[in-house]
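The opening residue of the sequence shown carries number 26 in the numbering used here; numbering runs sequentially from there.
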Amino acid sequence: MTFSVNQLEEARRALDAPLYADVGGDVDVSFEFSPPKSEKSEETLWQSIETLCPLGPRFLSVTYGAGGSTRDRTHATVARIARETAVPAAAHLTCVEATREQIDAVAQEYWAAGVRHIVALRGDPPAGAADYAPHPGGYENAAALVAGLRRLHPFEISVAAYPECHPSSADLAGDLDNLKRKLDAGANRAITQFFFEAETFFRYRDAAAAAGIQAEIVPGIMPIGSFAGVQRMAAMCRTDVPGWLARLFEGLDDLPAARQLVAATVAAELCRKLYAGGVKQLHFYTMNKAELSYAICHLLGVRATPRQAAAAA
Ligand SMILES: Cc1cc2nc3c(=O)[nH]c(=O)nc-3n(C[C@H](O)[C@H](O)[C@H](O)COP(=O)(O)OP(=O)(O)OC[C@H]3O[C@@H](n4cnc5c(N)ncnc54)[C@H](O)[C@@H]3O)c2cc1C
């Protein structure tokens with residue numbers, strides 16, 4: 026394991042200083058939400074958005090359900106963020122089960138609604154299908170979608186990256202070639218799948234740099250609301266769940282408050298290590314709840330400013 030001077034300095038400071046005392050708040054954060062399924066979950070989502078906006082995030086993004094199943098709800102949520110908050114909205118868009126014309130029409134609607142940022146994804150195969158098959162007449166993968174969006178409007182475009190490799194990748198080199206294709210097609214940055222060890226990200230960042238990738242790679246941070254839920258998601262996307270993490274959550278199933286404290290501690294420690302390694306952008310998978318992401322940002326020195334709070338109100 027090699028450490029940069031920056032990491033060693035940070036480790037020394039972390040030992041000498043009171044907890045998180047010298048983490049400067051010079052981190053850009055963004056928050057990801059999914060479109061609400063009911064009135065109740067819509068209320069929770071908007072409370073979360075209102076809580077997190079005063080932290081001055083770079084953008085708020087909204088996922089696109091499997092197979093385009095949330096097309097209308099994603100659009101409604103993204104358009105409302107664009108209309109009612111001072112924070113730029115980003116819409117996730119996938120290629121699954123739609124023609125190019127249908128996808129282009131969705132993108133055009135976003136442009137018309139003032140949305141300038143798309144998270145361009147291929148999407149997963151529909152439930153029951155083993156492998157991904159592009160829709161006839163559709164975009165075949167995320168790189169093709171990025172190129173299509175670039176032809177439409179000067180969108181800001183983010184794409185997905187996989188520090189532990191996409192499950193259908195043959196190897197890391199092939200995965201990085203694919204990321205390079207997406208960036209060469211016009212994407213501005215990559216946001217990673219979640220991971221639990223800072224070293225996983227640093228190794229990936231080094232491999233990406235060695236492969237000639239210079240674009241920003243933003244770590245995706247998953248604060249753990251439900252450990253069982255995270256284990257299920259991790260199994261699907263082949264993210265490693267270390268033994269130490271499982272042991273930290275042992276015995277907490279019926280203790281939500283204690284679980285939340287542990288979850289915030291674990292994620293904040295991961296973020297602090299990433300910061301020590303020079304990371305200045307973080308993307309939070311909020312699961313539509315504000316508290317964990319807010320607490321982690323607070324520990325990192327990202328605070329609400331009166332100006333942002335007023336703009337978000
Ligand atoms: C930050 C983030 C947000 C996400 N949001 C959503 C969402 O809102 N909705 C949703 O449904 N899913 C979402 N996903 C999941 C994503 O759709 C899946 O991981 C999907 O399986 C791959 O999408 P991609 O855009 O990475 O695909 P791509 O980059 O197109 O490709 C994925 C993999 O396919 C292979 N591949 C593609 N093209 C080639 C090629 N030409 N040659 C060889 N191999 C190739 C590679 O192994 C590659 O890694 C998200 C993932 C991340 C990390």
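Cβ atoms here follow ideal geometry from the backbone N, Cα and C, with glycine treated the same way.
A residue is called buried when at least 16 other Cβ atoms come within 10 angstroms of its Cβ; Asp-279 does not meet this threshold and is exposed.
Checking the DSSP bridge columns, you'll see Arg-98 has no partner listed. Taking a cut-off of 8 Å on C-beta distances, the region 147-160 does not touch the region 194-210, as fewer than three cross pairs fall below it.
Each of Glu-316, Lys-305, Asn-313 and Ala-320 was checked against the Cα of Val-54, and the nearest Cα belongs to Lys-305.
Contact annotation: His-117 and Thr-99 have beta-carbon atoms nearer than 8 Å. For Glu-57, the pairing in a beta bridge is given by DSSP as Ser-86 and Tyr-310. Taking a 10 Å sphere around the C-beta of Met-247, we find 16 or more other C-beta atoms and assign the residue as buried. The Cβ neighbour count for Glu-57, taken over all protein chains shown within 10 Å, is at least 16; the residue is labelled buried. Between the region 286-304 and the region 230-250, the count of C-beta pairs closer than 8 Å reaches three or more; the two stretches touch. In the DSSP assignment, Gly-199 falls within the alpha helix (DSSP H) that extends over 197-209. Bridge partners of His-323 according to DSSP: none are assigned. For the region 244-274, the continuous alpha helix (DSSP H) assignments of 4+ residues that do not extend past its boundaries occur at 252-262 and 268-274, in sequence order. With fewer than 16 other Cβ atoms from the protein chains shown falling within 10 Å of its own Cβ, Gln-239 counts as exposed.
Here Val-87 is not near Ser-66, since their CB atoms are 8 Å or more apart. The beta carbon of Ala-315 is closer than 6 Å to those of Ser-73, Thr-76 and Leu-77 in its chain, skipping five residues each way along the sequence.
Using a 10 angstroms sphere on the CB of Ser-63, the tally of other CB atoms stays under 16, which defines it as exposed. Not one heavy atom of ligand 1 lies closer than 7 Å to the C-beta of His-142. Set against 7 Å, the gap from the CB of Val-171 to the closest heavy atom of ligand 1 is not smaller. For Leu-77, there is no enclosing beta strand (DSSP E); the enclosing alpha helix (DSSP H) covers residues 64-77. With the rule of 3 Cβ pairs closer than 8 Å, the region 134-143 counts as touching the region 105-116.
Per DSSP, the beta-bridge partners of Thr-217 are Ala-186.
The C-alpha of Glu-241 lies about 30 Å from the C-alpha of Asp-97. Thr-124 is positioned such that its CB atom lies closer than 8 Å to that of Gly-162. Taking the Cα positions, Thr-330 is about 17 Å away from Val-48. Taking 7 Å as the cut-off, the C-beta of Gln-72 does not count as close to any heavy atom of ligand 1.
When the five nearest sequence neighbours on each side are left out, the beta carbons in the same chain lying within less than 8 Å of the beta carbon of Leu-146 are those of Tyr-89, His-117, Leu-118, Thr-119, Cys-120, Ala-167, Leu-170, Val-184 and Ala-185, in order along the chain.
With 16 or more neighbouring CB atoms inside 10 Å of its own CB, His-308 falls in the buried class. Between Leu-33 and the set Lys-298, Asn-313 and Ser-318, the nearest pair of CA atoms involves Lys-298. Ala-210 and Cys-322 have their C-alpha atoms spaced approximately 33 Å apart.
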